[in-house]
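Presented below is the structure to which this report refers.
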Amino acid sequence: MSSYVTRKTPGDTEWFRRDRFGMFIHWGLYSMPARHEWIKNRECIPEEKYDKYFKYFDPDLYDARDWARRAKAAGMKYAVLTSKHHEGFCMFDSAYTDYKCTNTPAGRDLVREYVEAFRAEGLKVGFYYSLIDWHHPDFPIDMLHPRRNDPDCLEQNQGRDMRRYAEYMRNQVRELLTNYGKIDILWFDFSYSKQEPLPGREWMKGKGKDDWEAEKLIELVRSLQPGIIIDNRTEIEQDLWTPEQYQPLEWLRHKETGELVTWEACQTFSGSWGYYRDESTWKSPEMLIQMLVNTVCIGGNLLMNVGPTSRGEFDPRARKALQVYADWMHGNARAIYGCTQAEPEFVAPRDCRFTQSEDGKRLYLHIFAYPYAHIQLRGLAGKVDYAQFLHDGSEILFTEGKVAHFSEGAAEAEDLLVLEIPPVKPDVVVPVIELFLK
Ligand code: GLC
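Numbering-wise (our numbering), the sequence shown opens with residue 250 and increments by one.
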């Protein structure tokens, strides 16, 4: 058994750590301007102008079953969809606002179709819910708000009541957690109480747990769906630590206790969460696979994002990226599901990563740069019963104690296990060698 113990939290995180790989979906009105989901903030777009998107939002090609099938084929085991992003637009049929998809040409509850389709494919379902809301009339203007530069923003701010907004959130969260059956993850986003207001604009405060009335909010969530996984972005610690747009180098630890925590890196195929037509920093296949491996080899999950188009489809670049995962996971999923950081005694050799099955019986060697013609593993002599490429189950021969070659200087050490690597790299982005331990 793996010797790593993670901090206990209220939610059911066991399935989550086993499943390792999920799909994030950022979809909303911002998919129409198609230049970042923060567009309303970045371009300080006034309501009247943003209303155009509301007026014409028509995802006529949306087929949630297609999304679910692609997620599943990519090896993803769960998904998290934006039910509402910072723009405030609701992708579900909420009784507490008119600013929702059912009032656009879409005319349907997009969240419901997502839930049903993903569940039908056997995936777990989660909701992203933005704490920030740049549409709601009670959400106070602050340094992130699209109205922050209006000359009369102070006047516009009068009468806005954060407590009413906090209640609105509770009402919507209640809807999300009662109208759609069992929900596995609730992903709140995000707090910024420590952000400095602009000079001379001290009244524009950042927001955090007190503003959200996060304690009440979480209490409500737990009362409706006790086992649900909640992230930490309300500013109240719950189940999930969520490093974003960077790859940690070590398993995340609790700040005070030093315990290992359940964590999930969230990443994008290119530099935006929402569909961004003209953005071109799409990650290479090597990077996509290596990011997944780099996450699991230090005990984390990867939530990889897709930003569907406003017509409701994954665009060709996103499909291609998903196909990279599909091809790799087809033969290598065993090195990901139910796997975690290898025991400390197993140190990965140069250009490689280790993952290890939870039961401790199998060690997976992920080869990031393909070497010639051996991989030397220290500390593994006498411990490996059999070795094979994982993608095709073909034997990998090995020697123990030394590199089997007459040349002078061939490495020798008692604890050395030497894998003999075929000269041609198999046609796999990151080849994996499966080591059956004795
Ligand atoms: C951020 C951004 C956002 C995105 C999210 C995903 O905090 O505000 O647009 O939804 O992170 O982690």
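The beta-carbon is built from N, C-alpha and C at its ideal position, and this holds for glycine as well.
Just so it is clear, the structure is predicted and the values come from calculations on it, not from any experiment.
Near the ligand GLC: residue i beta-carbon under 8 angstroms from a heavy atom
i: C601; result: no
i: T544; result: no
i: Y377; result: yes
i: D438; result: yes
i: H334; result: yes
i: H275; result: yes
i: E362; result: no
i: E508; result: no
i: W522; result: yes
i: W461; result: no
i: E484; result: no
i: E499; result: no
i: T427; result: no
Within 9 angstroms, strictly: CB atoms of residue i and residue j
i: P395; j: C293; result: yes
i: I616; j: V681; result: yes
i: R627; j: A662; result: yes
i: T469; j: V422; result: With the sequence shown as reference, residue 469 is identified as Leu, and Thr is not the correct amino acid for it. Yes, they are a contact pair.
i: F437; j: D480; result: yes
i: S440; j: E486; result: no
i: V580; j: L537; result: Inspection of the sequence shows that residue 580 is occupied by Gly rather than by Val. No, Cβ-Cβ distance for G580 and L537 is not below 9 angstroms.
i: Y311; j: M272; result: no
i: L330; j: Y302; result: no
i: R284; j: D527; result: yes
i: Y586; j: R269; result: yes
i: D382; j: G337; result: yes
i: L435; j: I478; result: yes
i: S251; j: T530; result: no
i: S343; j: Y377; result: no
Closest residue to residue i among the options (Cα-Cα distance)
i: V542; options: I479, V510 and V678; result: V678
i: L403; options: R450, R627 and R357; result: R450
i: D460; options: R526, V596, R409 and T648; result: R409
i: P598; options: E607, Y613 and G609; result: Y613
i: R266; options: A659, W512 and D641; result: W512
i: K651; options: D261, S529, T346 and L668; result: L668
i: F367; options: D401, Y378, R318 and C339; result: R318
i: W276; options: L380, G561, E594 and Y429; result: G561
i: D488; options: M553, F595, E445 and I467; result: I467
i: Q379; options: R413, R568 and H334; result: Checking the sequence shown, residue 379 turns out to be Ser, not Gln. That would be H334, whose Cα lies nearest to the Cα of S379.
i: Y253; options: L666, T558, N398 and E607; result: E607
i: I390; options: M250, E462 and M453; result: M453
i: C601; options: Y619, Q572 and Q637; result: Y619
i: K632; options: E505, L665 and T604; result: L665
i: K304; options: I670, D347, P557 and T544; result: D347
i: E535; options: F647, Y525, D576 and E499; result: D576
i: R413; options: T255, H385, P400 and Y299; result: H385
i: W287; options: E649, M540, V596 and S521; result: S521
i: G523; options: P282, K465 and L551; result: P282
Three-way DSSP call (helix, strand, coil) for residue i in this model
i: K289; result: helix
i: E336; result: coil
i: C402; result: helix
i: M325; result: coil
i: Y414; result: helix
i: D347; result: coil
i: S519; result: coil
i: D382; result: coil
i: I616; result: strand
i: I294; result: coil
i: K610; result: coil
i: K651; result: strand
i: K458; result: helix
i: R269; result: coil
i: E484; result: coil
i: A514; result: strand
i: E370; result: coil
i: I432; result: coil
i: L204; result: No information on residue 204 is available, as it lies outside the stretch 250 to 687 that the chain covers here.
i: T427; result: helix
i: V667; result: strand
i: L359; result: helix
i: R314; result: helix
i: I477; result: coil
i: Q605; result: strand
i: Y396; result: Rather than Tyr, the amino acid found at residue 396 in this sequence is Arg. Of the three classes helix, strand and coil, the one that applies to R396 here is coil, per DSSP.
Terminal residues of the alpha helix (DSSP H) in which residue i lies
i: G580; result: P565 to N581
i: S472; result: A463 to L473
i: L278; result: Looking at the DSSP string, L278 is not in any alpha helix (DSSP H), and its letter there is neither H nor E.
Chain C contact for residue i (CB, 9 angstroms cutoff)
i: E464; result: Structure shown: chain C not included; a single protein chain is present.
Residue range of the beta strand (DSSP E) that includes residue i
i: Q590; result: C588 to Q590
i: V596; result: Careful: V596 lies outside any beta strand (DSSP E) and carries neither H nor E.
i: V633; result: V633 to F638
i: I624; result: H623 to R627
i: V681; result: V681 to L686
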